[in-house]
Amino acid sequence: MRRGARAAALALGAMLVLAGPAQAAQNLLDTYEQALRNDPDLLGAEAEAGAAGARYRRARGQLLPQLSASASYSTVTQDQTFERPENDGATGADFFATDDGATTSDQQSYSLDLTQPLFNWRAWQEKDAADADRAAARASLSVAEQDLIVRVARSYFDVLAARDALRAAREQRRSIRRQLDRAEAAYSAGLEPITDQQEARSSLDSAEVDAITAENELASARDALIALTGRSPSALSGIDVDTAVPEAESPAQRDREAWLVTALDRSPRIASARASWRAARQRIAAERGGHLPTVDLVGSVGRQEQLFPIGGGQANLIDETRSIGVQLQMPLFSGGATSAAVAEAEYEAEQVRLDLIAARRQLIIDINDAWRDVDATRRRLAALERAIDSGRTALEAARAGYRLGNRTILDVIDAEITLVQRRADRKQAWYDHALARLELRAAAGVLGFDGLARINARLHGAPAMAGDGARG
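Count the sequence shown with mature numbering (1 follows the signal peptide of the UniProt record, and there is no 0) and you get residues -24 to -1, 1 to 448, in order.
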């Protein structure tokens, strides 16, 4: 994903915050904007990309001029003893006379040293390897950005699906309770056997179990969304089962081979693996550079001053130096360490090459799986549309038959439960289809903020968590 798309998402999030209470329900883009700021995986990928950029600048710095300055100041005190031969005139004995003295001088020096690499094969190859690593890290960041979109959508839809399951369970429970009340009234009036009442009560107990399970699954899905965004939303925008339709697809979007070609060309996972392989080959060349000489241009400018006493005064000795030249260093023998380093780099490069092959094969599998998921969920949506229509007809027939006495209360309950479940299944299929399309685009490396925005446009402001209605 381009940084511009991320900036657009953050800007949109800020606008939604400024909009205030009018934006009651949190939608998919709101959730994504929160995850951008809080997801550890994405933030970690950004940090790694930043570190890779710093490593490249450090490697490039080895080829640029190296300039250093130094200065020193010292005070030198010298104690001196002078011995000279003397003769005692009275006794004629010879001896040495001594004269003691001390001198103190101040010394200060300054120097400026410059080194410019002229030929350093290892440094050049390390710079190129760091550049390839930087490209790999950027591609991995793109993978993390697209993966975040998929994870946000999946977690968001998990909450909606769990909400739908809870609503369906509560609706089934209310419906069964109404039928139970009718069965009890009919039994009290002697119009129906007790078996209808017992069957309805058994169905109510099962519905209670389903509602408890759905409540727990909703809480778990909600916790997963909070872990992703770092915030606890009060409501989420959902979909209307009667108006939600899958996004239209062009013939090209249904062409699996076209998706494979696009993926092999644009997948950031493949781009990252290719860059890593390029970096590994550069490291082999860098290690081979351990056998080659290095040539540097070196230059220096220095000044040294020494202040010392002489006679009755002081003298200042100034020494200035300037030098420029070429320095050659030639490795002769390293105990086999350089050859071993080359072999190690070659083995590591082979492993990276095999990783690239594995990544390509896995990409083909991912594209095929995602394409099949898109196709299957699209067909499942169409089938559920027909199932809902037939479910309505079956419910009307069951109610009519119950009124005529040729259908039992259990038949009505089963028809109501089936219709409610089919409506929930259709929503689940819509979530699955939308998610499958995102996963297909992510596998191909073309998923961006716009893909999420198109799905978000199909949501409405119905609450999906808090205030979900009476428990019934």
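Just so it is clear, CB atoms sit at the ideal spot from N, CA and C, and this is done for glycine as well. Everything numeric in this text was worked out from a predicted model, so none of it was measured.
7 Å CB neighbourhood of residue i in its chain, flanking five on each side removed
i	result
residue 432	3, 4, 5
residue 408	353
residue 36	103
residue 202	208
residue 177	156
Bounding residues of the beta strand (DSSP E) (the contiguous stretch that carries residue i)
i	result
residue 292	289 to 305
residue 280	270 to 286
Residue span of the alpha helix (DSSP H) that contains residue i, given as start and end
i	result
residue 314	313 to 380
residue 215	Counting along the chain, residue 215 falls outside any alpha helix (DSSP H), and DSSP gives it neither H nor E.
residue 207	No alpha helix (DSSP H) contains residue 207, which DSSP labels as neither H nor E.
residue 429	425 to 432
residue 37	16 to 37
residue 242	232 to 242
Residue i versus residue j - alpha carbon distance
i	j	result
residue 359	residue 125	28 Å
residue 449	residue 151	The displayed coordinates of the chain run from -24 to 448. Any statement about residue 449 would go beyond what the structure contains.
residue 442	residue 373	Note that residue 442 scores 43 on pLDDT, short of 50, meaning its location in the model is unreliable; the coordinates nonetheless yield the value given after this. Cα-Cα distance, rounded: 36 Å.
residue 276	residue 31	29 Å
residue 163	residue 173	7 Å
residue 381	residue 190	34 Å
residue 11	residue 370	44 Å
residue 54	residue 262	53 Å
residue 246	residue 333	9 Å
residue 185	residue 120	39 Å
residue 15	residue 128	10 Å
residue 377	residue 388	9 Å
residue 259	residue 116	20 Å
residue 248	residue 241	12 Å
residue 286	residue 45	32 Å
residue 171	residue 134	39 Å
residue 301	residue 264	27 Å
residue 113	residue 21	8 Å
residue 123	residue 413	13 Å
residue 320	residue 267	15 Å
residue 271	residue 305	7 Å
residue 351	residue 364	20 Å
residue 449	residue 341	Outside the modelled stretch of the chain, which goes from -24 to 448, sits residue 449, for which no answer is possible.
residue 91	residue 42	5 Å
residue 343	residue 18	23 Å
residue 187	residue 425	36 Å
residue 269	residue 309	12 Å
residue 435	residue 215	5 Å
residue 88	residue 335	52 Å
residue 206	residue 422	27 Å
residue 26	residue 106	12 Å
residue 148	residue 417	37 Å
residue 405	residue 131	15 Å
residue 85	residue 244	56 Å
residue 24	residue 34	15 Å
residue 95	residue 339	42 Å
residue 298	residue 278	6 Å
Residues bridged to residue i [DSSP beta-bridge criterion]
i	result
residue 90	43, 275
residue 51	82
residue 267	According to DSSP, which records beta bridges pairwise, residue 267 is partnered with nothing at all.
residue 2	212
residue 95	271
Sequence-distant residues of the same chain with beta carbon closer than 8 Å to residue i, five excluded per side
i	result
residue 51	80, 81, 82, 83
residue 109	28, 31, 32, 251, 252, 255
residue 232	343, 344, 347
Check: residue i C-beta below 7 Å from any heavy atom of the ligand MN
i	result
residue 411	As presented, the structure is devoid of all ligands, the ligand MN included, so that no description of it is given.
Nonlocal neighbours in the same chain, by C-beta distance under 6 Å from residue i, ignoring five residues either side
i	result
residue 111	251
residue 328	252, 253, 256
residue 294	281
residue 47	86
residue 420	235, 238, 239
residue 179	152, 389
residue 138	193, 194, 197
Below-8 Å beta-carbon distance, residue i vs any chain D residue
i	result
residue 281	Among the chains of the structure shown, chain D does not appear; only one protein chain is present.
- Continuous alpha helix (DSSP H) assignments of at least 4 residues falling wholly in the segment 378 to 421: 385 to 420
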